[in-house]
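Comments concern the structure below.
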Amino acid sequence: MSSDSLEKGYNPSGIEKKWYELWESKGFFAAEDKSDKQAYAIVIPPPNVTGVLHMGHALNITIQDIMCRYRRLNGDNVLWMPGTDHAGIATQNIVEKNLAAQGVSREELGREKFVEQVWKWKEKSGGAIINQLKRLGASCDWDRERFTMDQGLSAAVRKVFVELYNQGLIYQGQYIINWCPRCTTALSDLEVEYEDQDSFLYYITYPFENSRNGLVVATTRPETMFGDTAVAVNPEDERHRNLVEQEVCLPLTGKKIPIIRDAYVDTEFGTGALKVTPAHDPNDFTLGEKHSLKRIKVIDDNGNMMENTGKFAGLDRFECRKAAVAALEEQGLLVKTEPLQNSVGHCYRCKTVVEPSLSKQWFVKVAPLAQEASDAVKNGQTKIIPDNWSKTYFEWMDNIRDWCISRQIWWGHRIPVWNCARCGAVMVEETDPDRCSSCGAREIAQESDVLDTWFSSALWPFSTMGWPEKTDLLKTFYPTASLVTGFDILFFWVARMMMMGTRFMGDVPFKDVYIHALVRDENGKKMSKSKGNVIDPIKVIDHYGADAFRFTLAAFAAQGRDVKMSENRVEGYRNFVNKLWNAARFSLMHLEADNGDIEYNNLSLADQWILSRTAATASAVSQGIESYRFNDAASAVYQFVWHEFCDWYLEAIKPALYEKEGVEKKKLARAVLEKVLESSLVMLHPFMPFVTEEIWSMLPSVEGSVMHAGFPGRTGGLSAMQADTVENDMGFLFEVISGIRNIRSEIKIKPSTLLSIRVHTTDQAEQRIIETNRSVVENLARVESLVFSSNNTSTTASAAAVVKNTTVHVLLEGVIDFDKEETRLSKEIEKITKELLSVSKRLNNESFLDKAPEDVVEKVKEQQADLETKNDKLHLNLARLKEMKH
RNA sequence: GGGCGAAUAACUCAGCUGGGAGAGUGCAACCCUUACAAGGUUGAAGUCACAGGUUCGAGCCCUGUUUCGCCCACCA
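Each residue of the first sequence is one higher than the one before, counting from 398 in the numbering used here.
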């Protein structure tokens, strides 16, 4: 036996790396393109190539790995498809920053060279996160790793674009969009993050011609006034009902602009007069459309004032705000300024304030796609778990606006549209054309814009499997089983995959969407670099081991909105890993290469019990994982391993293992011990892959990897009836032991003192249980002498524990402390009395007897009977004790 | 403005279709009993946010209130 080589404490460093490399090199994570086995697929939410592993990834990956490893243990053909996302703006920003450090701008470099640089960066430092996923133990099929910009995926993107265009679902047009002046690109509505901000509301007089009077408008953005093409009032507004003027003068410019009337204007806000800037405000844009107003852009792509703003030209938009206000004040046109909290949009990549701006962009007409995607969830083809997210999903799908998909950056899928310089023809092609398809001219130019990153991610579930080719992989694995993700990208990603999947595959991309919580710090705050509250998952792994960390995440993964991460908790599960390690160390001292078969007919009660519990646990773990209740699964196996296997079972079989009951018993116990340890390792493997594999490799009786061991059966070789009896009997034995321990502790008998006990029982079965498990009681309660007595009246001093129909007397000659035992008994009686009261109250209630279901009434009656028996016996003992005191 | 969620032991949280409240940590006491002190045994600790209602019975269902968090929306 090699237990000498096992360290006392489990040390994960080195072990994790060893096993991960072995699994990978042996191809244990590989899926089969075609197979008779049940197919099970998950596509990874592709992290950004720029990504660094954070807690959110860790939870997300752990959950998926648990499901994949669990399915493999059940013999499925599992595909966990990995890859990364090119993350257009984010990646471009990083490379630009690097270049800036060398004093080079991307414009200086030119498009082609710049994109080359990005690829170089990607090869060198991109995808670092993949190695971090491996540290976690992620069992992805790495040979299939994909990238949203690789050839296959790019082909898929083109095909989808062209088809959507041909279906009339992609169009180009001049609309107001969200513009980031820092990234100099358009953004979709989703890519704008709104934040409440302390601003000012400026009241400005727009005078009538040749008058000191005018309309006072209220605005938070005076700098846009140069683009005003009207002032709007509500026709119902009393204040403006008698207005005769048709125009006002736009201050600082001298231009005349019309007064329009529209019910859109809120009479409650400001002065009830609204300046209208169709080129820089989405609402004003619609208003302008309705009233055929001119659209005048006054802020350029970099956020500076344009030539048409006169002396303000060239100023930054916020500088201009100050300057304009000052100028207005000087002219006496600023009526007042009051503070106002409003919500301002920021770029989700660089946090710059977004400028709503008129621009020519490409859009996807999403309504028809959204309809299909919405229906797929309504009719149950895809299930969202937890279900309350469905409502959010529907809500969004129902109110969706067209998706701006063009980005004015260089890193990404270039829009496959060419324009002919000669005849103006527009070509939308899957393969690059070399001449105009209508006039044959060679002077054609491709659109310079690239597509929104999320456009390619939307195709991920099928593009990664080889679409548009008809691959075996698609046939085998599409639609995938589950998509696991946080709710923060429900709209960005999940909704769009649903749209593209239903449209291009004719089937949903996944059957289940499991939305997990977001990980926050221990105070419930979002982890962010600026707050400095980020816990680095890799550091946690270094410190506590990947297994402990994964188990913590699983235990935390209750279906909810967020989980609070604390290292304290990880430490607890590190201890659990260590507990398992030591249980294995102990077991290995007793196991041999051949421990024989389990002879079900000769097993001890403890053996039968642990087999029954193993089966029950296997069932609970399966159910937990299959229903996305990972915390239930984790706590079931935790409870089993620590408290049932270690605390009770291992202690209970020590007499047998040390051959205090003969060779035969020892052999039987070994066979069961082996089986239960193996089952425990397998059940734990999805949660703690490394330590379970390490221990597995040390078992003398098994070969191969724990990954292929097969998930334990759910019956344990016992019938349900047997299991019931066994658990009841064992429960009784535990109570007897706990009763004795309680007496020892409460009346302060040292643990080193061996006890003498006398058992009195009126129940044959109970006597038999104690008798046949005598050594268990002796060992666990530290008893040296155990006798049965038919006589319940004792002449010697004793403390008594009552369990069902049995009274256990702990004999206390010389050591008894009457007072302590009296207090203990009284306390016990008090407790019982209380319980008895509540039970009787129910049984005395006629409506309860009348209306409650029979089995409930029956149960309560039994409870009452048990409590009464116990109560009687306790009183008897208390009375005797008092007698002896005198 | 609309929607979603949370409030349970000192702390962090479980508690799925209503039957009488659990875990981990922490706390207290005792113990280095030949796997484990990263451990063992025993114990204390809760008007389940508040107010009503439905029910024989409510942490769970209904109504309202308070506090906190998140998401969405065209808050000049």
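Cβ coordinates follow ideal geometry from the N, Cα and C atoms, glycine included.
Look at the alpha carbon of Gln514 and the alpha carbon of Arg532, and state the distance between them as a whole number of angstroms.
Each residue's Cα considered, the two are about 29 angstroms apart.
By alpha-carbon positions, which one of Ser1142, Glu1265, Val1173 ends up nearest to Val1199?
The alpha carbon of Val1199 has as its nearest neighbour, out of Ser1142, Glu1265, Val1173, the alpha carbon of Glu1265.
If you follow the alpha helix (DSSP H) that Asn739 is in, where does it begin and where does it stop?
The continuous stretches of alpha helix (DSSP H) do not include Asn739, which lies in the beta strand (DSSP E) extending over residues 731 to 744.
Roughly how many whole angstroms lie between the Cα atoms of Glu606 and Val641?
If I take the Cα positions, the gap works out to 12 angstroms.
Drop a sphere of 10 angstroms on the beta-carbon of Asp1044, count the other beta-carbons inside from all chains shown, and report buried for 16 or more, exposed for fewer.
The residue in question, Asp1044, is exposed, as its Cβ has fewer than 16 Cβ neighbours within 10 Å.
Quick check on this structure: which residue in Asp909, Tyr572, Tyr790, Glu504 has the alpha carbon closest to the alpha carbon of Asn680?
Restricting attention to Asp909, Tyr572, Tyr790, Glu504, the CA atom closest to the CA of Asn680 is found in Tyr572.
Determine the contact status of Leu598 and Ala629, defining contact as a CB-CB distance below 8 angstroms.
No, the Cβ-Cβ distance between Leu598 and Ala629 is not below 8 angstroms.
Thr1014: first and last residue of the uninterrupted alpha helix (DSSP H) it sits in
Here the alpha helix (DSSP H) through Thr1014 covers 1002 to 1023.
Sorted by chain position, which residues of the same chain lie with C-beta nearer than 7 angstroms to Asn816's C-beta, five sequence neighbours on each side aside?
So the list reads Val823, Ile841, Ala842, once near-sequence residues are dropped.
Leu1208 and Leu1278 closer than 8 angstroms at C-beta:
It is not a contact, given that the beta carbons lie outside the stated cut-off.
For His1157, tell me which candidate among Gly1107, Ile802, Ile1137, Val1205 has the shortest Cα-Cα distance.
Residue Val1205 holds the alpha-carbon nearest to the alpha-carbon of His1157 among Gly1107, Ile802, Ile1137, Val1205.
His1206 - partner residues in DSSP beta bridges
Under DSSP, His1206 forms a beta bridge with Arg1155, Ala1197.
Thinking C-alpha only, which one of Thr1159, Leu1183, Arg1179 is nearest Thr1169?
Thr1169 has its Cα closest to that of Leu1183, out of Thr1159, Leu1183, Arg1179.
Alpha carbon to alpha carbon, how far is Leu848 from Lys780?
Distance between the alpha carbons of Leu848 and Lys780: 29 angstroms.
Measuring CA to CA, which of Val825, Gly411, Ala955, Val1123 is closest to Gly565?
That would be Val825, whose Cα lies nearest to the Cα of Gly565.
Counting along the chain, where does the beta strand (DSSP E) carrying Trp759 start and finish?
Here the beta strand (DSSP E) through Trp759 covers 752 to 761.
Own chain, CB closer than 7 angstroms to Val761, minus 5 neighbours either side, in chain order:
For Val761, where only same-chain residues beyond five positions count, the Cβ hits under 7 angstroms are Leu561, Leu566, Ile567, Asp799, Trp800, Ile802.
Assess, as a yes-or-no matter, whether the segment 959 to 970 is touched by the segment 937 to 945 under the definition of 3 or more beta carbon pairs within less than 8 angstroms.
With contact defined as three or more Cβ pairs closer than 8 angstroms, the segment 937 to 945 and the segment 959 to 970 are in contact.
For His688, which three-state DSSP category applies?
If DSSP states are grouped into helix, strand and coil, His688 belongs with coil.
If you follow the beta strand (DSSP E) that Asn495 is part of, which residue opens it and which one closes it?
Premise fails: Asn495 lies in the alpha helix (DSSP H), 485 to 498, not in any beta strand (DSSP E).
Once you ignore the five residues that flank Val732 on each side, which residues in its own chain have a CB closer than 8 angstroms to its CB?
Excluding sequence neighbours, Val732 sits near Tyr600, Ile601, Thr602, Val613.
When we look at the beta-carbon of His987 and count the other beta-carbons within 10 Å, is it buried (16 or more) or exposed?
Residue environment: His987 is assigned as buried (16 or more neighbouring CB atoms within 10 Å of its CB, all protein chains considered).
If the criterion is Cβ atoms closer than 8 angstroms, does the pair Ser740 and Glu592 meet it?
When the beta-carbon positions are compared, Ser740 and Glu592 come within less than 8 angstroms of each other.
Taking the alpha carbon of Asp737 as the point to measure from, which residue in Arg466, Asp831, Ala615 has its own alpha carbon closest?
One point to set straight first is that residue 737 is Leu, not Asp, in the sequence displayed. Measuring C-alpha to C-alpha distances from Leu737 to each of Arg466, Asp831, Ala615 identifies Ala615 as the nearest.
Status (buried if at least 16 other CB within 10 Å, exposed otherwise) for Cys747
So Cys747 counts as exposed.
Taking DSSP as the reference, what is the three-state secondary structure of Ser399?
Here Ser399 scores only 39 on pLDDT, less than 50, and its place in the model is too uncertain to base an answer on.
Tell me which same chain residues have a C-beta within less than 8 angstroms of the C-beta of Ser400, skipping the five on either side of it?
Caution is warranted here: a pLDDT of 39 is assigned to Ser400, below 50, making its placement in the model unreliable, and the coordinate value is therefore given only provisionally. Within the same chain, Ser400 has close Cβ partners Arg982, Leu985, Met986.
What does a CB cutoff of less than 6 angstroms around Phe852 pick up in its chain, not counting 5 residues either side in sequence?
So the list reads Ile802, once near-sequence residues are dropped.
Does the segment 1099 to 1114 come within contact of the segment 415 to 433, defined as at least 3 CB pairs closer than 8 angstroms?
Yes: the two stretches touch, three or more of their Cβ pairs being nearer than 8 angstroms.
Going by other Cβ atoms of all chains shown within 10 Å of its Cβ, with 16 needed for buried, is Cys366 buried or exposed?
Beyond the ends of the chain as shown, which are 398 and 1283, falls residue 366; an answer cannot be given.
Got a sec? Which residues, its chain only, sit under 7 angstroms from Phe1129 by beta carbon, not counting five neighbours each side?
So the qualifying residues of the chain are Glu1163, Ile1166, Val1200, Lys1201.
By alpha-carbon positions, which one of Lys1145, Leu887, Ile1137, His1040 ends up nearest to Trp786?
Minimum Cα distance to Trp786 is reached at Leu887.
Expressed to the nearest angstrom, what Euclidean distance is found between the alpha-carbon atoms of Tyr997 and Ala1012?
Distance between Tyr997 and Ala1012, taken at the CA atoms: about 15 angstroms.
Tell me which residues share the same chain as Ile1050 and place their Cβ nearer than 7 angstroms to its Cβ, disregarding the 5 neighbours each side in the sequence.
Excluding sequence neighbours, Ile1050 sits near Ala1003, Ala1066, Leu1070.
Using only alpha-carbon positions, find the residue among Gly472, Pro783, Leu530 that is nearest to Trp539.
If we check each option's Cα against that of Trp539, Leu530 comes out closest.
Taking a contact to mean a Cβ-Cβ separation below 8 angstroms, would you say Lys694 touches Gln569 in this structure?
For Lys694 and Gln569, no; Cβs fall outside 8 angstroms.
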